[in-house]
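Just so you know, the sequences run in chain order E and V.
So the first sequence is numbered by the numbering used here: it starts at 220 and just counts up by one.
So the second sequence is numbered by the numbering used here: it starts at 220 and just counts up by one.
Where a beta carbon is used, it is the ideal one built from N, C-alpha and C, also for glycine.
Source: prediction; values computed, not measured.
Protein chains: 2
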Amino acid sequence: MKIIVDAFGGDNAPLEIIKGSAQAAKQYNLDILLVGNREIIQTTARQNGISMEHMEIAHCEDIMTMHDDPGAILKEHKNSTMATGLRLLSEGAGDAFVSAGSTGALVMGATFIVKRIKGIKRVALAPVIPTENGGCMLIDCGANVECKPEMLVQFASMGSAYMQQVMQIGSPRVALANNGTEETKGTQLQIDAYSLLSKTELNFTGNIEARDIPFGGADVVVTDGFTGNIILKMYEGVASALLKNIKAIFKSSWLTKLAALACNKPLKAFKKKMDYNEYGGAPLMGVTKPVFKAHGSSNAYAFQHAIRLVADYARTGVTQLVAAQIATQKGMDQE
Amino acid sequence: MKIIVDAFGGDNAPLEIIKGSAQAAKQYNLDILLVGNREIIQTTARQNGISMEHMEIAHCEDIMTMHDDPGAILKEHKNSTMATGLRLLSEGAGDAFVSAGSTGALVMGATFIVKRIKGIKRVALAPVIPTENGGCMLIDCGANVECKPEMLVQFASMGSAYMQQVMQIGSPRVALANNGTEETKGTQLQIDAYSLLSKTELNFTGNIEARDIPFGGADVVVTDGFTGNIILKMYEGVASALLKNIKAIFKSSWLTKLAALACNKPLKAFKKKMDYNEYGGAPLMGVTKPVFKAHGSSNAYAFQHAIRLVADYARTGVTQLVAAQIATQKGMDQE
Numbered sequence: 220m221k222i223i224v225d226a227f228g229g230d231n232a233p234l235e236i237i238k239g240s241a242q243a244a245k246q247y248n249l250d251i252l253l254v255g256n257r258e259i260i261q262t263t264a265r266q267n268g269i270s271m272e273h274m275e276i277a278h279c280e281d282i283m284t285m286h287d288d289p290g291a292i293l294k295e296h297k298n299s300t301m302a303t304g305l306r307l308l309s310e311g312a313g314d315a316f317v318s319a320g321s322t323g324a325l326v327m328g329a330t331f332i333v334k335r336i337k338g339i340k341r342v343a344l345a346p347v348i349p350t351e352n353g354g355c356m357l358i359d360c361g362a363n364v365e366c367k368p369e370m371l372v373q374f375a376s377m378g379s380a381y382m383q384q385v386m387q388i389g390s391p392r393v394a395l396a397n398n399g400t401e402e403t404k405g406t407q408l409q410i411d412a413y414s415l416l417s418k419t420e421l422n423f424t425g426n427i428e429a430r431d432i433p434f435g436g437a438d439v440v441v442t443d444g445f446t447g448n449i450i451l452k453m454y455e456g457v458a459s460a461l462l463k464n465i466k467a468i469f470k471s472s473w474l475t476k477l478a479a480l481a482c483n484k485p486l487k488a489f490k491k492k493m494d495y496n497e498y499g500g501a502p503l504m505g506v507t508k509p510v511f512k513a514h515g516s517s518n519a520y521a522f523q524h525a526i527r528l529v530a531d532y533a534r535t536g537v538t539q540l541v542a543a544q545i546a547t548q549k550g551m552d553q554e
Numbered sequence: 220m221k222i223i224v225d226a227f228g229g230d231n232a233p234l235e236i237i238k239g240s241a242q243a244a245k246q247y248n249l250d251i252l253l254v255g256n257r258e259i260i261q262t263t264a265r266q267n268g269i270s271m272e273h274m275e276i277a278h279c280e281d282i283m284t285m286h287d288d289p290g291a292i293l294k295e296h297k298n299s300t301m302a303t304g305l306r307l308l309s310e311g312a313g314d315a316f317v318s319a320g321s322t323g324a325l326v327m328g329a330t331f332i333v334k335r336i337k338g339i340k341r342v343a344l345a346p347v348i349p350t351e352n353g354g355c356m357l358i359d360c361g362a363n364v365e366c367k368p369e370m371l372v373q374f375a376s377m378g379s380a381y382m383q384q385v386m387q388i389g390s391p392r393v394a395l396a397n398n399g400t401e402e403t404k405g406t407q408l409q410i411d412a413y414s415l416l417s418k419t420e421l422n423f424t425g426n427i428e429a430r431d432i433p434f435g436g437a438d439v440v441v442t443d444g445f446t447g448n449i450i451l452k453m454y455e456g457v458a459s460a461l462l463k464n465i466k467a468i469f470k471s472s473w474l475t476k477l478a479a480l481a482c483n484k485p486l487k488a489f490k491k492k493m494d495y496n497e498y499g500g501a502p503l504m505g506v507t508k509p510v511f512k513a514h515g516s517s518n519a520y521a522f523q524h525a526i527r528l529v530a531d532y533a534r535t536g537v538t539q540l541v542a543a544q545i546a547t548q549k550g551m552d553q554e
C-alpha cells in the first residue's frame with residue numbers, strides 16, 4: 220500500500236512530517252510518496268539521519284499556507300504540495316493522501332480534485348475522539364458550518380460505515396448531538412434530522428446530550444460542523460485545562476512529587492488514552508478516495524499515527540462501502 | 220433581605236432544600252420564605268433537627284414536576300410552589316426567588332409572572348462556569364434554542380452587567396462563541412452578531428473558540444441557547460469523565476492509594492474550584508426581579524450556595540442596571 224504525504228503541510232513541516240513518514244513506512248510496512256521540494260526533503264532527511272527506504276518523492280515547489288484562502292488550492296496554488304498530492308491520489312499514484320495543512324483547503328481540494336462519492340452532498344471532517352469505551356466518530360466537525368437534515372443523514376451513514384469497517388464495531392450506535400434527549404429537542408435542523416434518521420436502517424439510538432459523549436454514549440455522533448467544532452474544541456480545552464491543574468498539583472510539594480512517581484505508570488497510560496496525537500487527526504468522509512487531515516501541530520509521532528489511520532481507512536474499503544450504500548439509497552437523496 | 224425558596228423543586232426536595240435554606244439563613248444572615256406544604260415542611264424540619272429560625276412558610280400544595288409541560292405553570296399548575304413563589308416575588312413579598320425545579324417552567328414562569336425588563340426580548344439562563352482565572356458567564360445556556368443577532372447583543376449587555384456588579388470585574392471581556400477567531404467565522408447568526416457587538420460600548424474582544432473558554436479567555440461568553448447547552452454539557456461531561464479516571468488511577472494499587480493521601484489537600488482544593496455545586500446554578504437574566512435556577516440535583520450544600528448567589532444577584536442591583544442600560548439604548552432594539 221502506498222500513502223501519498225503532503226511533506227509541507229502543518230506547523231512542523233517538513234522535518235516532523237518526513238520523520239513520521241519514515242517511522243510509519245518501517246513500522247507498518249508501507250510505501251510513502253512524499254510530495255514537495257526534492258532538494259529540501261533529501262537534505263532534511265540526510266541532516267537528521269532519516270532513512271528514505273520505502274519513500275519516494277514527487278517534486279513540487281509551491282506550498283499552500285494557513286494564511287491562503289482555501290479556494291486558492293484550485294487557482295494560484297493549484298500546483299502546491301497539497302493540490303499535487305490530491306491530484307496524484309486521484310490519478311491512482313497511491314492509495315490514500317494525508318496532509319497536516321489547512322483544513323479548509325484540504326476539504327476544498329478533496330471535493331474538487333479527488334471529488335465526492337456520487338450522491339454525497341458534502342464532504343465531512345470526522346475525527347474519532349477518545350471516550351470511556353474506546354472512541355467515537357464526531358461527524359461533521361467543521362467542514363460544513365451550516366447543514367441540512369439530509370446532510371446529517373449522510374454523515375450518519377458514512378460515520379457508521381467507518382466505525383464498522385475501521386474500528387470493527389458490529390452495529391455502531393448512531394446518535395444526534397442535541398440539547399436534550401426528547402425527539403422534540405433542538406432547532407429545526409435537529410428535529411428534522413431526528414425524524415429522517417429514525418427512518419434509516421442505521422442503529423439510530425436517538426439524541427445524545429453533550430455530557431454523555433465523553434462517557435461513550437454513542438459510536439457515531441452526528442452534528443452540523445459548527446456544533447461539531449464546539450464539541451471537539453470544548454473536549455480539547457477542558458481536558459487540557461484539567462490536566463494542567465493535575466500536573467500543578469503533583470508539582471506542589473515534595474510529597475506530591477513522590478506521589479507523582481507512584482502514579483507514573485497509570486497516569487502515562489491514561490494520558491496515552493486521552494492523547495489527541497494517538498488519534499492523529501480526522502478522515503475526510505465522502506471523498507472517492509481516502510483523504511486524511513492530520514493535526515496542524517503534528518509532531519513525527521502524531522504524523523506516524525495519522526499515516527497508520529489513513530492506511531486503515533484505505534485498507535478496509537470504507538469509501539467503496541459508502542459508495543455502495545449511497546447508490547442503493549433511493550428517494551431521500553434526490554437533490 | 221428575604222429570599223423566596225421553592226421548597227418542592229428538584230430531585231432532593233424538600234429535605235435538602237429546607238436544610239440548605241436553613242444553612243444559608245444562618246450563614247449569610249438572610250430571611251427565607253419557603254413555599255410549599257406547611258405540614259410537610261414542618262415535619263421534615265422537625266424530624267431532621269433543622270432550625271426554622273429566620274424561615275417562614277407560604278403554604279401551597281401543588282407541585283410542578285419535571286414531566287409537566289413548561290406551559291403548565293401558567294395553567295393547570297398556576298398554584299404550584301414554583302408559580303406561587305414567582306407571584307410572591309412579583310408582589311414584593313421577597314427580594315429574589317430560587318428554585319431547583321424544571322428549567323423550562325422557570326423560564327416560562329419568570330417571563331410571564333415576574334415579567335421581562337422593558338425592552339428585553341428574551342430571558343436568558345446564564346451560569347457562571349469555572350475557568351482558570353475564576354469564572355465566566357455563559358449566556359444563553361438553554362432558554363432560547365434559536366436566537367436572533369439582536370438577542371445575542373442583549374445577552375452580552377446583561378452578562379457584562381452581572382459580571383461587573385456581582386463578580387466585580389471592572390470591564391468584563393465579552394466574547395462570542397464561534398468556530399474560529401476571524402470575524403467571518405460561524406453561521407449567519409454569529410457573523411451578524413459580531414458586527415452588532417462591535418458597535419456596542421461593551422468590552423467586546425471578538426470571537427472565542429471553545430477551547431479557550433476553560434482557560435478563562437473571556438468573562439462573558441455570548442451564544443445561542445443550543446450552543447450554550449452544548450458548551451456547558453461538554454464541560455460537565457469531560458470534567459467528570461476525567462476526574463473519574465483520575466480517581467481510578469489513585470485506587471489502582473496500594474502505592475497510588477498512598478499517593479492519593481499525599482495529594483489530598485491540593486486535590487480537594489482543585490475539586491472545590493471545579494465543583495459545579497460551588498456555582499450552584501444559574502441566574503435568569505432579563506427578568507425584572509432576581510430569579511435563580513439551582514441545579515436539579517442540588518443537595519443542601521449546593522442549594523445553600525445557590526441562595527448565596529441569588530442574594531448577591533439581588534443585593535448588587537443588576538436587574539436595575541440592566542433596565543437602565545436598556546432604557547438608554549435606542550435605535551437597535553426597536554422590534
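Against chain E, the beta carbon of tyrosine 532/V has no neighbour under 7 Å; the closest one sits roughly 24 Å away. Those residues of the region 446-460 of chain V placed with their C-beta closer than 9 Å to a C-beta in chain E are Thr446, Gly447, Asn448, Ile449, Ile450, Leu451, Lys452, Met453, Tyr454, Glu455, Gly456, Val457, Ala458, Ser459, Ala460, ordered along the chain. By alpha-carbon distance to glutamine 383/E, the top candidate from Met356/E, Ala519/E, Leu477/E is Met356/E.
The beta carbons of proline 233/V and isoleucine 260/V sit about 6 Å from each other, so the pair counts as a contact at 8 Å. Taking C-beta atoms as the reference points, glutamine 409/V and asparagine 397/V count as a pair closer than 9 Å.
Neighbours of asparagine 464/E in chain V, taken as residues whose beta carbon is under 7 Å from its own, are Phe489 in chain order. For aspartate 411/E, same chain residues with a beta-carbon under 8 Å away, outside a window of 5 residues either side, are Pro368 in chain order. Beta-carbon to beta-carbon, arginine 430/V and glycine 456/E are separated by about 4 Å, close enough to satisfy the 8 Å threshold. Within the region 288-335 of chain E, the complete beta strand (DSSP E) segments at least 3 residues long are 315-318, listed from N- to C-terminus.
DSSP places arginine 392/V inside the beta strand (DSSP E), whose first and last residues are 392-397. Aspartate 225/E is not a Cβ neighbour of serine 516/E, given a cutoff of 9 Å. Taking C-beta atoms as the reference points, proline 502/E and tyrosine 413/E fail to come closer than 9 Å.
Apart from sequence neighbours up to five positions away, the residues of its chain that approach isoleucine 427/V with a beta-carbon distance below 8 Å are Ala394, Leu395, Ala396, Asn397, Thr400, Gly436, Ala437, Val440, ordered along the chain. Taking a C-beta cut-off of 9 Å against chain V, the contacting residues of the region 400-412 of chain E are Lys404, Gly405, Thr406, Gln407, Gln409, listed in chain order.
For isoleucine 276/E, the pairing in a beta bridge is given by DSSP as Leu253/E. DSSP places threonine 403/E outside both helix and strand once states are collapsed to three, so it counts as coil.
Shown here, alanine 362/V sits in coil according to DSSP, grouped into three states, outside any helix or strand. Of the candidates Phe434/V, Glu258/V, Lys512/V, Leu415/V, the residue whose Cα lies closest to the Cα of proline 349/V is Phe434/V. Histidine 296/V sits buried, since 16 or more C-beta atoms from the chains shown fall within 10 Å of its C-beta. Asparagine 363/V counts as buried, since at least 16 other C-beta atoms from the protein chains shown sit within 10 angstroms of its C-beta.
Taken through DSSP and simplified to helix, strand or coil, asparagine 448/V comes out as helix. Here the C-alpha atom of methionine 271/E lies approximately 44 Å from the C-alpha atom of threonine 475/V. DSSP, reduced to helix, strand and coil, places proline 349/V within a strand of the structure shown. At a beta-carbon threshold of 7 Å, the residues of chain V lying near phenylalanine 434/E are Gly456, Ala460, ordered along the chain.
In the DSSP assignment, phenylalanine 374/E is bridged to no other residue. A check of alpha carbon separations from alanine 241/E across Tyr532/E, Pro289/E, Ala525/E identifies Ala525/E as the nearest. Put simply, the CB of arginine 527/V is far from chain E, with every gap to its CB atoms at 9 Å or more.
The closest CA to that of arginine 341/V, considering only Val506/V, Val529/V, Lys512/V, is found on Val506/V. Counting along the chain, no beta strand (DSSP E) covers phenylalanine 522/V; the unbroken alpha helix (DSSP H) around it starts and ends at 519-534. By the neighbour-count criterion, in which 16 or more other beta carbons inside 10 Å mark a residue as buried, alanine 467/V falls on the exposed side. DSSP lists no bridge partner for aspartate 443/V. When C-alpha distances from phenylalanine 445/V are compared across Ala315/V, Leu325/V, Gly239/V, Asp359/V, the shortest belongs to Asp359/V.
The beta carbon of glutamine 548/E is closer than 8 Å to those of Gly338, Ser376 in its chain, skipping five residues each way along the sequence. At a beta-carbon threshold of 7 Å, none of the residues of chain E lie near glycine 500/V; the nearest stands roughly 16 Å away.
Per DSSP, reduced to three states, the secondary structure at threonine 419/E is coil, with no helix or strand assignment. At least 9 Å separates the CB of methionine 301/V from every CB of chain E.
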